[in-house]
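Residue numbers (the numbering used here): 5 to 167.
Contents: one structure, followed by commentary.
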Ligand code: RP5
């Protein structure tokens, strides 16, 4: 079975954040895989994953990392498949280090960079869904319904002054 979305992360410790992306993909019925692929600790694994990505049928790669977060950019250098980067929040610098490491790519090798942390990971899942929905009408309908349900869940007034 072809898996359209690959979620990769630099460490097991990133999974608490990156599972937000997986959850959104589950809710939308999008098959995905999750792998630990570290730019620094397992560079050969990174290279192998990037080299094989097109042939394996991946269509979007979501890459999360923290600190010296080189994984998304290095993956973008290795494959033309769109890479969505998620800056993982860090204890030392709050994730600004991760954000700066991911967002400031040189011309030619883009990474679509999300917000720091859990919201960024969830949005990465939604961004991947939006990309895939361009050529999948059934998924487009599911994504529209997901967005409408979220809008409908937002109350019009704060709880304690609701009529
Ligand atoms: C990065 O270092 C990972 O992406 C992770 O966010 C951070 C810390 O990794 P651990 O020390 O928790 O394994 O490579």
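Glycine included, C-beta positions come from ideal geometry on N, C-alpha and C.
Only a predicted model underlies this, so the values are computations on that prediction, with no experimental measurement involved.
heavy atom of the ligand RP5 below 7 Å from residue i C-beta
i           : result
residue 118 : no
residue 70  : yes
residue 14  : yes
residue 73  : yes
Contact under 8 Å by Cβ, residue i with residue j
i           : j           : result
residue 3   : residue 129 : The chain is shown from 5 up to 167; residue 3 falls before or after that span and cannot be answered.
residue 9   : residue 64  : yes
residue 126 : residue 25  : yes
residue 90  : residue 68  : yes
residue 40  : residue 81  : no
residue 73  : residue 34  : no
residue 11  : residue 66  : yes
residue 50  : residue 79  : yes
residue 70  : residue 102 : yes
Beta bridge counterpart(s) of residue i as assigned by DSSP
i           : result
residue 91  : 69
residue 116 : 88
N-terminal and C-terminal residue of the beta strand (DSSP E) that residue i is part of
i          : result
residue 13 : 9 to 13
Terminal residues of the alpha helix (DSSP H) in which residue i lies
i           : result
residue 135 : 122 to 137
residue 5   : No alpha helix (DSSP H) contains residue 5, which DSSP labels as neither H nor E.
residue 183 : In this structure the chain extends from 5 to 167, so residue 183 is not present and cannot be described.
residue 157 : Element bounds for residue 157: n/a, residue is neither H nor E.
Sequence ranges, beta strand (DSSP E) only - wholly within the region 18 to 71, length at least 3: 36 to 40 and 64 to 70
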